[in-house]
Amino acid sequence: SLYVSEYFSQSAQKLSFYSWYGNAKLFHFRVPEDTVLLRWLLQASRGKGPECTNMEITVHFRYGAPPVINPLGTDFPANATVRPSYSISITLSSAVQNTTFVNVTTPAAGDWFIAAHLPEAAGRIEVKGFSTPCPYMFQADMFVLRLADMPVLEPGVATPQTIVSPAKALHVKVFVPKHTAVMRLELRNCVTSEQKACAVRVVLGSITLPQSFQRIITCVGKVNCSLALDSPPWEKWLQIMVESLGAANASVSVEMLASFRACRPGSTSSFLNFSSLNQSQTGPRPGSAGAAGSPALSTGETSRNASDQRSFCLQNQPVVREDLDVVSVRYRLLNGPSVPVNSLSPTLLLLNLNTGMDSGGSLVVNLLLNKTSVSLANATVVACVSAASPVLSLNATHNCSTAFFQGYPLRVSTSSPEAMLIVLYPQTDDWFLSLQLICPKGQGECNAAEAKVTVFAYLTPCFNDCGPYGQCSLLRRHGYLYAGCSCKAGWGGWSCTDVTKAQSVSAQNLATLLLTLSNLMFLPAIAVAVYRYYLVEASVYTYTMFFSTFYHACDQPGVAVMCIMNYDTLQYCDFLGSVVSIWVTILCMSRVKKILKYVLFVLGTLLIAMSLQLDRRGVWNMMGPCLFALVIMIAAWVYHGAKRRHCYPPSWKRWVFYLLPGITLAFIAISVYAFMETNENYYYTHSIWHVLVASSVAFLLPPRDKHKKPWAWSQKLTCRYQICQNDREELYAVT
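All residue numbers for the sequence shown refer to full-length UniProt numbering, where the first residue is 1 and numbers rise by one.
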C-alpha cells in the first residue's frame, strides 16, 4: 500500500475569556478522502509578563459543524437537541508553551472544527490602555495519512484480500448507492497462512466526534462472518478496516463481499409541478393564513397512488430549497405544506444542508397534525430527523437511528398535535425527515388510515433571533460564516433564554433612570458657567448632558430603551461631548487670553473628533487632551504666579473650598470609571461617574472676571424707561 502524508496549518489566534460563543476561536479543516490517520498538533502559549498567570485552555472537537459548547452551564432553548462536544484541557503553568497531540484513526472525510477558549470571563469592564492583558495564543495544525491506492469492493463481487500481519491492517472501501435500505458485508474463506480458521476484527465506518457509531464484528475461529447495516449513508464511500488478531508471523487471506438491498421509492407526483412552484412563490408564505397548496390530484390518480403504496418502501415528497440570506434557508413543499402520512411506508422529505455553508445556523423542524384528517383517535404520527440516510423502519422498531447516526425523534397525535425540533449547528450533509403513522394495536387497523401533517422546516442563523434580550451576530473564520447570540440584561444561554441571572423589568427601568437622570447633575455646572459668563463652556456642558442622557437611554438592553437617532451617532456624540467638556474646563481654569482660549477650544475639538473616529474607546483619546490641557494650565499658572510674585490662584479659600474638592471628585470619578466598573454594577458605578464628573466641573470653574458684574436682569429688561449709567470719567482742568 502507498501512504501519502499531508500537512495543513492555520495561523494562531489570540484566545479570549468566555462569555458567549463569539469568544471561542474557531479553526476549520477539511479531511481528505481515504484518510486512515489524523493527528492534531495543538500549540498553546502565553506571554512572559507579570500579568500572565497559570491558565487552563479548553479545546472542543466536532465533525461536520462547529462544536456546540456550554462552558457556563446555561440553559438551551426548549426543543433543542444538545449532544456534548468532545473536549480536552490544556494547562499552561510554569511552561510558557504547551504542545499536545490528538490522534484519530480512520476519521470521516469532510469538515472538522476545533474551538478553543479560556475560562469564564470575570465581567470587569477594562478601559482600553489602562491595563495590559496577558496574551494567550493557540494554534492548531493537522497531519493526515491517507491511503493512495485503497482497494474498492464492487457490489456483488467477492474480492480476495490479504492481511500481511497484525501490525498492518487492511483498508478497503465501498460506495453506497442512493436508496440503499440494507447493506450486507460477508467474509468468506477466512483462513490463515497455516490453513486455520482466522481471527479478525472488522470495523465498518469512520470516526466522527463527539459521537462515533462504528460497527465492529469479531470473527474468531470462523471461516465465514457477516454483518448487516440498516440505512447506511447514501452516496458516500464507506471505509472498512480489517485487523488480524492472530500470531505476528501469520498472514490472513479472506474474500470480502458487499451486497445491497435497494429501497424502491415512490412519489406523489411523477413530474415537477411548476404551477405549484409559481403559486407558492407569488402567494403567501408557508405558515401564513392564506398559504395555498398544489392543485388536488384527480380521483383516478389518488386511487392509483393508494394501490401502489404497498409496492414502495417510502414515499418521496418534492421539496424546494430556497436560499434567503447567509445561513438562512427555507424549505417549501411543492404539493403544499401538508403531507399525507400512512402506515404502509414512511413519507420522506429531503432537507439539503450539504453546501458547506449551512452548518453555522440552527435547523428548525415544526410539525402540526391536522386533527380532522386522522380517522383513528389513538393513532400517532412518528417522525425522525436524521443525516446521511433516512430511517426506513419506523413502524417496526420505533427507533430513530440509522447505521452510523442517532437521529432526533418527533411525535404528534390528536392529544399533542404540534412538535418542534431545533438542531443547533447541523452537520454538513443531506438531512431527511421520515414520517409514518403508528397504531397502538398493530398496523392492521392503520392500513386504510391517513393523516395530514403540516411541515415547516427552515435554517436560521439564530433561533427566534436570540429573543428580546439578545443580539444575533454573524461570525467569520476566513471564508466560513456562523452565528451566535450575545445576551444582555443578565440573560444567558444559547438563545438568550436562561433567566437565572436575568434582570427584572423594574431593575431595567431603575438602571435606565439612574444612567439617564444622573446626567442632570450637569445642571449646576451649567448654571455656574452661565452665572460667571462662560457661555461657550455652558453650551458644551449642555451638549454633553443631552447626548449622554439619550445615549444611555438607547444603550440599555431589554424593554427600557428609547433611541431618538442612530445608536452609533448617539455614542459618538456622547464620547465627543465628554472629552470636549474636560478639555474646555481645564483650558478655562488656565485663564489664558480669550482669543487664545477660543482658538484652542476649536482646534482641540477638531483633533478630538478625529481621534475618536479612529479609536473611540482608546484611553489616550481622553488622557491625551487632558494632559495637554493640564500642561497649558500649569504653564499659565506658573506665568501668572511669576508675574505677581505670588502663588496662583492667590486665595487660600479658592484652594480649600473649590479646587481641592473639585480635584478630589475628579480623581474619585476616574478611579471608579477605570477600576470599579463591571457588567453587573455598571448601571450604578457609571451613574456615580456622571455625578462626580459633573460636580467636579461646578467646583473647578474659575470665578468670573473682576470687571464683569453679575447678571442684572432688572436692568436688562426695559419697560417704558431705561435707567442709564454714565461710566465716562469727567476731566477737570486745574489752574
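Don't be surprised by glycine CBs; every beta carbon is placed ideally from N, CA and C.
The structure presented is a predicted model; accordingly, all values stated were derived computationally and were not measured.
- The alpha carbon of threonine 99 has as its nearest neighbour, out of Asp141, Cys573 and Glu194, the alpha carbon of Asp141.
- When C-alpha distances from histidine 28 are compared across Pro67, Thr53 and Thr685, the shortest belongs to Pro67.
- For lysine 501, there is no enclosing alpha helix (DSSP H), as DSSP gives it neither H nor E.
- In the assembly as shown, alanine 199 is a buried residue. Its beta-carbon has 16 or more other beta-carbons within 10 Å.
- The Cβ atoms of arginine 39 and leucine 145 lie closer than 9 Å to each other.
- Under DSSP, no beta-bridge partner is assigned to asparagine 370.
- Leucine 600 and tryptophan 491 have their C-alpha atoms roughly 46 Å apart.
- Tyrosine 683 and aspartate 230 have their C-alpha atoms some 59 Å from each other.
- For leucine 41, the closest of Pro50, Lys48, Val59 and Glu51 by C-alpha to C-alpha distance is Val59.
- Contact check for leucine 353 against proline 409 fails: the beta carbons are separated by 9 Å or more.
- Residue pairing by DSSP puts cysteine 472 in a beta bridge opposite Cys485.
- When rounded, the separation of the alpha-carbon atoms in serine 5 and leucine 147 is 9 Å.
- Rounded to the nearest whole angstrom, the C-alpha separation of serine 253 and serine 193 is 7 Å.
- Note on asparagine 378: under 16 other CB atoms within 10 angstroms of its CB, so exposed under the neighbour-count rule.
- Contact check between the region 586 to 606 and the region 552 to 564: fewer than three CB pairs, one atom from each, fall below 8 Å, which does not count as touching.
- Exposed is the label assigned to leucine 517, since fewer than 16 other Cβ atoms lie within 10 Å of its Cβ.
- Secondary structure note for glycine 604: its alpha helix (DSSP H) is the uninterrupted segment 594 to 614.
- When DSSP assignments are scanned along the region 86 to 139, no uninterrupted stretch of alpha helix (DSSP H) that is 4 or more residues long falls wholly within it.
- For tyrosine 567, the enclosing alpha helix (DSSP H) covers residues 567 to 590.
- In this chain, threonine 180 is not harboured by any alpha helix (DSSP H); it is covered by the beta strand (DSSP E) spanning 180 to 192.
- In the three-state scheme derived from DSSP, where H, G and I count as helix and E and B as strand, aspartate 555 is classed as helix.
- With fewer than 16 other Cβ atoms inside 10 Å of its own Cβ, glutamate 418 counts as exposed.
- Contact between the region 576 to 594 and the region 542 to 553 is present: three or more C-beta pairs spanning the two stretches fall below 8 Å.
- Going by DSSP, methionine 633 is part of the alpha helix (DSSP H) stretching over 620 to 644.
- With respect to serine 434, proline 346 sits close: the two C-beta atoms are nearer than 9 Å.
- In the three-state reduction of the DSSP assignment, tryptophan 237 falls in the strand class.
- The continuous beta strand (DSSP E) containing proline 340 extends over residues 338 to 341.
- Take the alpha-carbon of phenylalanine 699 and the one of glycine 662: they are about 5 Å apart.
- At least 9 Å separates the beta-carbon of leucine 459 from that of valine 341.
- It is roughly 49 Å from the alpha-carbon of asparagine 366 to the alpha-carbon of serine 93.
- A check of alpha carbon separations from threonine 162 across Pro77, Val242 and Pro649 identifies Val242 as the nearest.
- The beta carbon of alanine 502 sits closer than 6 Å to the beta carbons of Gly490 and Trp491 from its chain, once the five residues preceding and following it are set aside; these are given in chain order.
- Ranking Pro166, Pro233, Lys173 and Arg591 by CA distance to the CA of aspartate 149 puts Lys173 first.
- For asparagine 509, the enclosing alpha helix (DSSP H) stretches over residues 505 to 517.
- In this structure, the CA atom of phenylalanine 463 is about 6 Å from the CA atom of serine 362.
- When rounded, the separation of the alpha-carbon atoms in leucine 665 and cysteine 472 is 40 Å.
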